[in-house]
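Undergrad:
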Amino acid sequence: MRYRWENNHLVYGLAGGPPDLRCCLLHQKLQMLNCCIERKRSRDEGRKGAAGGTEGGRERKTSGCENGAGPDASSSFGKSWDSWSDSEEEFFELKPEGRLHPHGKLTLMNSPEPLYIPVTQEPAPMTEDLLEEQSEVLAKLGTSAEGAHLRARMQSACLLSDMESFKAANPGCSLEDFVRWYSPRDYVEEEVADERGEVVVRGELSARMKIPGNMWVEAWDTAKATPARRQRRLFDDTKEAEKVLHYLAVQKPADLTRHLLPCILHAAILKMKDEESSEDIPSVRKAIQHVTSHSGKLLRHPNPDNKKLEDVINQVMEMEAVVARARSLKAKFGLGKGERRDDAGDLERFVSSLLDEPEVLVIGAGRGPAGSIIHKLFISSQRLADSTDEAALLSPLEEESGRSGVAEDRRPGAGGVPDFPPPAGREILLRTCVSRPAPYSKALPQRLFCVLMREDFRLAGAFSSDTSFF
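This is the structure:
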């Protein structure tokens with residue numbers, strides 16, 4: 002980057018103009034470096050042009066002296082400062098400098114000369130951290146009258162520069178002329194009748210401009226007629242470029258990762274939107290909206306909370322897992338893009354329920370379309386786990402397509418691999434409605450639940466009885 006700065010080579014791949022505050026701070030710093038390089042280029046080109054014009058002028062002067070300008074010309078060089086007139090008119094007679102082009106409609110208030118738009122300095126571009134530093138400095142000035150006045154002076158540096166450029170381009174102008182060009186809303190015009198009864202347009206400064214101690218009036222009084230090329234630079238490109246280069250030099254890998262995190266999250270969210278649109282997962286769509294809103298509020302601050310950033314990243318990872326799970330389920334249930342099934346609608350609803358709900362009812366149990374596919378998936382998993390049969394590598398949907406009905410669970414003793422893995426436990430659930438405590442009582446539900454596991458046994462009952470007349 003220092004090589005590019007010293008040799009006036011722009012950093013490619015970046016948009017022109019001032020730093021874009023919507024981008025990450027690292028991107029803003031690189032844009033700031035480009036701004037410095039562009040200002041340096043234009044300044045160097047201006048110096049070359051000025052040097053060429055000076056050399057041409059010197060050659061013309063030399064040729065004029067050689068041709069013999071006469072005794073009057075030679076005697077003019079011997080004049081002392083005492084011979085110059087000290088009259089006010091001659092002393093304040095200024096030549097216009099730094100004119101861009103005429104305004105076209107406006108003329109000066111005190112003379113019939115057209116109003117010229119001056120060549121002004123461009124405002125200093127600023128990055129997000131520089132704006133924050135400036136706001137902190139201004140806030141430390143306090144709310145006193147002196148602090149408010151100093152704050153206004155600090156914020157009016159660009160205004161003062163424009164006033165000086167305007168005075169240099171329009172000698173003899175007034176504050177009203179400047180306001181008509183710079184802030185037309187602060188110059189109020191109205192139609193009035195003159196002494197002859199004719200309607201004329203007269204204007205005056207707005208009430209805001211007439212407030213005692215107005216900063217515009219003070220700045221106008223202190224502004225000198227100085228063209229932009231001779232003013233102090235509002236934007237010191239050399240100083241700002243060195244700041245950017247120092248900033249980049251002291252960055253650690255962790256700092257660069259944090260600066261790139263907004264870009265990475267933005268790219269991840271865009272990718273998730275693209276994937277969700279092809280898979281059509283309502284839960285992921287809602288999660289994307291939540292993550293977008295949350296990350297936008299979180300990354301707005303220059304130093305976001307690491308814990309909250311980690312939560313956002315975990316949410317993105319969860320969405321990726323849901324999309325991958327949806328694709329896996331659609332492939333297992335034969336819902337690929339190139340596949341067509343008569344029961345595709347039921348299977349799509351079943352897969353969508355698997356993604357959104359903790360428990361899903363398998364319609365038709367093992368004899369339904371979803372149940373038969375689940376059975377075949379278990380068969381394939383068992384054969385892959387056994388890894389003794391080469392046929393385990395075949396697709397269970399293709400291998401079992403010739404089966405009719407639902408196969409019974411095969412036992413290891415029968416010489417084959419069982420369709421299902423050994424159970425971790427058995428659950429027994431009994432439900433009934435019984436009249437209790439008397440035979441003529443109302444029949445109420447009764448429930449008995451039993452769990453049998455290798456090292457655990459649980460029995461739970463829920464019994465109800467009719468309390469009427471008892």
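Going by the working numbering, the first residue of the sequence shown is number 2, and it counts up by one from there.
Ideal placement from N, C-alpha and C gives every residue a C-beta, glycine not left out.
What does the alpha-carbon distance come out to for the pair Ser329 and Leu356?
TA: Reading the sequence shown from its first residue, position 328 is the one you call residue 329. Reading the sequence shown from its first residue, position 355 is the one you call residue 356. Approximately 11 angstroms, taken between the alpha carbons.
Undergrad: Taking the C-alpha atoms as reference points, what is the distance between Ser184 and Pro172?
TA: In the sequence shown, the residue the question calls residue 184 occupies position 183. In the sequence shown, the residue the question calls residue 172 occupies position 171. Near 19 angstroms, if we compare the C-alpha coordinates of Pro172 and Ser184.
Undergrad: Which partner residues of Tyr188 appear in the DSSP bridge assignment?
TA: Position 187 of the sequence shown, counting from 1, holds the residue named residue 188. DSSP links Tyr188 through a beta bridge to Leu206.
Undergrad: Please classify Arg3: does DSSP put it in a helix, a strand, or coil?
TA: The residue labelled residue 3 in the question sits at position 2 within the sequence shown. Arg3 falls in the helix class under three-state DSSP.
Undergrad: Leaving out five residues on either side along the sequence, give the residues of the same chain with a beta carbon under 6 angstroms from the beta carbon of Met33.
TA: What you label residue 33 is simply residue 32 of the sequence shown in a count that begins at 1. Cβ within range, chain order: Pro20, Thr128 and Val245.
Undergrad: Please return the same chain residues whose Cβ sits closer than 6 angstroms to the Cβ of Gly18, not counting the five positions on each side in sequence.
TA: Taking the sequence shown and counting its residues from 1, one reaches residue 18 at position 17. Cβ within range, chain order: n/a, list empty.
Undergrad: Can you tell me which of Gly297, Glu358 and Val189 puts its alpha carbon nearest to the alpha carbon of Ser207?
TA: Residue mapping note: residue 207 aligns to position 206 of the sequence shown, counting from 1. The residue with the shortest Cα to Cα distance from Ser207 is Val189.
Undergrad: Hey, Phe351 and Ala371: beta-carbon distance below 8 angstroms or not?
TA: Mapped onto the sequence shown, residue 351 falls at position 350. Mapped onto the sequence shown, residue 371 falls at position 370. Yes. Within cutoff.
Undergrad: Can you name, in chain order, every residue of its own chain whose Cβ lies under 8 angstroms from the Cβ of Val324, other than the five neighbours on each side?
TA: For this step, residue 324 is matched to residue 323 along the sequence shown. Met273, Glu276, Glu277, Glu280, Ile282 and Val285, listed in sequence order.
Undergrad: Which full runs of the alpha helix (DSSP H) of 4+ residues lie inside the region 313 to 379, going along the chain?
TA: 345 to 357
Undergrad: From Arg326 to Leu257, what distance separates their C-alpha atoms?
TA: As a first step, residue 326 must be located in the sequence shown, where it is residue number 325. As a first step, residue 257 must be located in the sequence shown, where it is residue number 256. So the alpha carbons of these two residues sit roughly 33 angstroms apart.
Undergrad: Counting along the chain, where does the alpha helix (DSSP H) carrying His260 start and finish?
TA: Residue 260 sits at position 259 when you count from the first residue of the sequence shown. Per DSSP, His260 belongs to the alpha helix (DSSP H) from Pro254 to Glu280.
Undergrad: Name the DSSP bridge partner or partners of Cys451?
TA: Translated into positions along the sequence shown, residue 451 becomes position 450. Bridge partners of Cys451 according to DSSP: Ile429 and Leu460.
Undergrad: Where DSSP assigns a beta bridge to Thr108, which residues make up the other side?
TA: As a working mapping, residue 108 is identified with position 107 in the sequence shown. DSSP, once it has assigned bridges, lists Pro115 as partnering Thr108.
Undergrad: Please report the Cβ distance between Trp182 and Leu116, rounded to the nearest whole angstrom; I am assuming they are in contact, meaning their Cβ atoms lie under 8 angstroms.
TA: To locate residue 182, count along the sequence shown from 1; it is residue 181. To locate residue 116, count along the sequence shown from 1; it is residue 115. So it is a contact: roughly 6 angstroms between Cβ atoms.
Undergrad: In this structure, does DSSP put Ser466 in helix, strand or coil?
TA: As a working mapping, residue 466 is identified with position 465 in the sequence shown. Of the three classes helix, strand and coil, the one that applies to Ser466 here is coil, per DSSP.
Undergrad: With DSSP run on the structure shown, which of helix, strand or coil describes His10?
TA: Indexing the sequence shown from 1 puts residue 10 at position 9. Coil, per DSSP.
Undergrad: Roughly how many whole angstroms lie between the Cα atoms of Ile314 and Leu31?
TA: Reading the sequence shown from its first residue, position 313 is the one you call residue 314. Reading the sequence shown from its first residue, position 30 is the one you call residue 31. Whole-angstrom Cα-Cα distance: 26 angstroms.
Undergrad: For Arg448, which residues from the same chain have a beta carbon less than 6 angstroms from its beta carbon, with the 5 sequence-adjacent residues on both sides left out?
TA: In the sequence shown, counting from the first residue as 1, residue 448 sits at position 447. Cβ within range, chain order: Arg432 and Ala463.
Undergrad: Report the option in Arg368, Ser354, Asp420 and Ala345 whose CA atom is closest to the CA atom of Ser382.
TA: Reading the sequence shown from its first residue, position 381 is the one you call residue 382. Per the Cα distances, Asp420.
Undergrad: Going by C-alpha distance, which of Tyr441, Pro438, Ser465 and Glu456 is nearest Arg427?
TA: What you label residue 427 is simply residue 426 of the sequence shown in a count that begins at 1. Nearest C-alpha to Arg427: Glu456.
Undergrad: Applying the 10 Å Cβ sphere with the 16-neighbour rule, what's the burial state of Ser373?
TA: For the purposes of this step, residue 373 is taken as the residue at position 372 of the sequence shown. Counting Cβ neighbours within 10 Å, Ser373 comes out buried, since at least 16 surround it.
Undergrad: Which residue from Glu360, Glu241 and Ser442 puts its Cα closest to that of Arg3?
TA: Indexing the sequence shown from 1 puts residue 3 at position 2. Ranking the options by Cα distance to Arg3, first place goes to Glu241.
Undergrad: If we call anything under 8 angstroms between Cβ atoms a contact, is Ile265 one with Val292?
TA: If you number the sequence shown from 1, residue 265 lands on position 264. If you number the sequence shown from 1, residue 292 lands on position 291. Taking C-beta atoms as the reference points, Ile265 and Val292 fail to come closer than 8 angstroms.
Undergrad: Closest to Asp237 by C-alpha separation, out of Thr227, Gln122 and Arg152, would be which residue?
TA: Position 236 of the sequence shown holds residue 237. Measuring C-alpha to C-alpha distances from Asp237 to each of Thr227, Gln122 and Arg152 identifies Gln122 as the nearest.
Undergrad: Roughly how many angstroms lie between the CA atoms of Ser353 and Arg368, to the nearest whole one?
TA: As a first step, residue 353 is located in the sequence shown; it is residue number 352 there, counting from the start. As a first step, residue 368 is located in the sequence shown; it is residue number 367 there, counting from the start. When rounded, the separation of the alpha-carbon atoms in Ser353 and Arg368 is 20 angstroms.
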